[in-house]
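Encoded as C-alpha cells, the structure appears first; notes follow it.
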Amino acid sequence: MKWKDVDYTPYTSTNPLDSGEESLRQEDFIQKTSVVVRELSEKLGRVPTACVVTFGCQMNARDSEKLCGILSRVGYMLTEEEEADLVVYNTCTVRDNANQRVYGRLGHLNAMKKVLPSKKIALCGCMVQEVSVIEKIRKSYSFVDLIFGTHNIYKFPELLYMMLTSDKMIVDVWKDTNAIVEDLPVERKYPFKSGVNIMFGCDKFCTYCIVPYVRGRERSRDPREILREVESLAADGVSEVMLLGQNVDSYGKGLSDGISFPGLLREVEKVDGIRRIRFMTSHPRDLSDELIGLMAGSKKICPHLHLPVQSGSSRILKAMNRGYTRESYMELVGRLRATMPELALTTDIIVGFPGETMEDIEETISLVKEVEYDNAFTFIYSPRTGTPAADMPRSMNDEEIKEGFDKLLKAVQETAKKRVARYAGRCEEALIESLNDHDEAMVTGRLGNNLLVHLKGGSELIGSYVNVKLLENKGFYYIGEML
Ligand code: SAH
Ligand code: SF4
Ligand code: F3S
C-alpha cells in the first residue's frame, strides 16, 4: 500500500490495539521517519526545524511535550519560531475564542507556506475532535497537511511518516478510545518539574462543557505506570510533579486495583527526589475528607487547591449540572480552611451562563468575597455546539454580561490582593523556574502555595529551591529577596 493513496476518513476507528504492541509499532515508525527526516536534512543542507504551539490547558501542554519528544527523536530541531519547517498547532476548543485564534494564525502560516512550499502544517488537539472543524479545514484551509485528534496522539510517529511521504491532507481523528499507550518519548519544557497524566477524559458532563465530547470517557492510568514515570522523572532531576486529570478525585474508578486518588498520592509521596506534589483539577463534588486529611499531614503535597466553583448561585449550579450547591461548596471550603488554615484556594468562574441574571452574578460576587480566593480565572460563557447549554435560552445581553463580568473581576482582584497580603514579610521556600520576562537580572520562583515571587538572581538558580523573604505585594505575586 502506498501512503499517497491513503486519505483517512474521520470518525471511523476506535483503538483495538494492545498498548505494548502499539508502542513497539510506533517505535518502528520513529526509525522509518528518522530516515525521511535525514533525507530532508540533506536536501535542505541543514537540520529541519519543528515548532509545537500549545493553545490549551495543562493536559494539552503535556501532550505537546510528547509531540516534541517524538519530533526530536526523529531528527527535528525544536524551535519556538513558527517559521519552522514543520508547525504543529495543539488546539483547544473549550471556548470559541481559542478556536478563532487558531483560524487567525493559520492564515499567517499559509502566507509563510507560500514562500516556503516545503513547509508542513499539522493540527491536533481538542478542536479537531469536532466534525464541523474538520469540514471547515478541508474546505477553507486545504494547505494543512495533517490533522489528528486527542485519542491517537500516540500514533504521531506513524502519522508524521505518512505526512512526509504524501502530498495529500492526512486526516485521522477518532471518536473515542479505551486504550492508553505508554512509553512514548517526551521532551519536557522544564528539566525540574513535570506534569504527569493520571487519567484521561471526563464523565461529568457539565452542561456548558465540551471536554467530555472531545476527550472522551474517563480512563484512569495504571498506578504502576504512573509510579514508574514519576520514579524515572525523579531520576532525571525532576523534583516537582503535577498530577493531571479533569477530575483527579475520581481517579481509580474502573481500575481493578481498588486504588483511589489519596492512595495514589501516598505512593507518589514515597518517591525519593520528589519534593513537591501538585494536582489539577479537583471537583468539589468528589473531594474527599481522606484527601483533606492527607494534604494536611503531608510535607510534599503543596498547600494549594484549585477548586472550580463556576457560580455562586445554586440555581445556576443546578443548570450547569455541577452536582453541588452554594451551601455545600461553602461547607467544603469551611472544612478545608478549618483543617488547613494556610491552604491557598483558587477557582474558575463562568459569567453569562444561559438563564443567568444579574442577581445570580451578585451571588457569585458574594461567594468570592466570602471565600477570599488567592486567585480566580473568570470566563465569559461561550456556547459550545452539541452541549446541552448551547440550546438553553439566555436572559442577559452581551453588554449586561460584560458589566457583570467586570464587577466580578474587580471583586476577584480586591479579595485576592487582600488574601495574598497576609504573606507579606514571611520567609518561604521558592522553586526558581525561569528568568524574569521583563528583567534579566531577576528570576521568578513559585512558592508551595503556587504564588509567584520575583527576586534578584541569575539563571544558575533555575531549578533550585531558595528561601525568599516576601517584601512587596503586587496583587497576584510578590517581589522578594533571597535569604
Ligand atoms: N475539569 C475542570 C476544568 C476544565 S475546563 C473542572 O471541572 O473544573 C477549564 C475551565 O474552563 C472550567 O473550569 C470552566 O470555568 C471554563 N469553561 C469550560 N467550558 C466553558 C464554556 N463553554 N464557556 C466558558 N468557560 C468555560
Ligand atoms: Fe468540563 Fe465539568 Fe468535566 Fe470539568 S468536570 S472537564 S468542567 S465536564
Ligand atoms: Fe482545551 Fe482540551 Fe484542555 S478543550 S481546556 S485543551 S482538555
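No gaps in the numbering here: position 64 of the sequence shown is 78 in the working numbering, and each next residue is one more. Ideal placement from N, C-alpha and C gives every residue a C-beta, glycine not left out.
Item	Value
Whole alpha helix (DSSP H) elements within the region 266-313, 4-residue minimum	275-283, 303-311
Alpha carbon of C8 to alpha carbon of K57, nearest angstrom	With the chain covering only 15 through 497, there is no way to say anything about residue 8.
Three-way DSSP call (helix, strand, coil) for M213 in this model	strand
Enclosing beta strand (DSSP E) for H318 [first to last residue]	318-320
Classification of P24 by the beta-carbon crowding that lies within 10 angstroms, buried from 16 upward	Low confidence applies here, because P24 scores a pLDDT of 37, under 50, leaving its location unreliable and the question unanswered by this model.
Unbroken stretches of the alpha helix (DSSP H), 4 residues or longer, contained in the region 431-485	none
Within 8 angstroms, strictly: CB atoms of S33 and E196	yes
Cβ-heavy atom distance, T360 to the ligand F3S, below 7 angstroms	no
4-residue-minimum alpha helix (DSSP H) runs that sit fully inside the region 215-253, ordered along the chain	225-229, 237-249
For A333 and D453, the rounded distance between their alpha carbons	46 angstroms
Chain-order list of residues whose beta-carbon lies under 6 angstroms from that of L461 (same chain, five-residue window excluded)	E442, A444
Whole runs of the alpha helix (DSSP H) within the region 33-91, excluding any shorter than 4 residues	33-58, 72-87
Complete alpha helix (DSSP H) runs within the region 325-355 (minimum length 4 residues, chain order)	328-333, 340-353
Contacting residues, own chain, Cβ-Cβ under 7 angstroms from E97 (five flanking each side not counted)	M126
Touch test, the region 229-242 against the region 115-124, Cβ-Cβ under 8 angstroms, three pairs minimum	no
Distance, L279 Cα to D388 Cα	24 angstroms
C223: CB within 7 angstroms of a non-hydrogen atom of the ligand SF4	yes
Where M410 sits in the DSSP three-state scheme	coil
Q45 burial status per 10 Å Cβ neighbour count (16 or more: buried)	exposed
Cβ contact (3+ pairs, closer than 8 angstroms) linking the region 244-259 and the region 286-299	yes
Inter-stretch contact at 8 angstroms, needing at least 3 Cβ pairs: the region 295-309 / the region 327-343	yes
Contact under 8 angstroms by Cβ, E283 with G326	no
Helix, strand or coil at M176 [DSSP, three-state]	helix
Three-way DSSP call (helix, strand, coil) for M256 in this model	strand
Bounding residues of the beta strand (DSSP E) (the contiguous stretch that carries Y492)	491-496
Among D99, F490, G459, the one whose alpha carbon lies nearest that of L54	D99
Nearest residue (CA-CA) to V67, options E35, V51, L123, P199	L123
Proximity below 8 angstroms, CB of Y265 to CB of M213	yes
The region 355-373 touching the region 383-401, judged by at least three CB pairs closer than 8 angstroms	yes
Pairwise C-alpha distance: S270 and G439	49 angstroms
Sub-8 angstroms separation of R229 and G215 beta-carbons	yes
Of the listed residues L305, A249, M496, nearest to L475 (C-alpha basis)	M496
Boundaries of the alpha helix (DSSP H) in which T107 is found, first to last residue	Unbroken run through T107: none, as it is neither H nor E.
Any non-hydrogen atom of the ligand SAH closer than 7 angstroms to F393 Cβ	yes
Backbone secondary structure at N487 - three-state DSSP	strand
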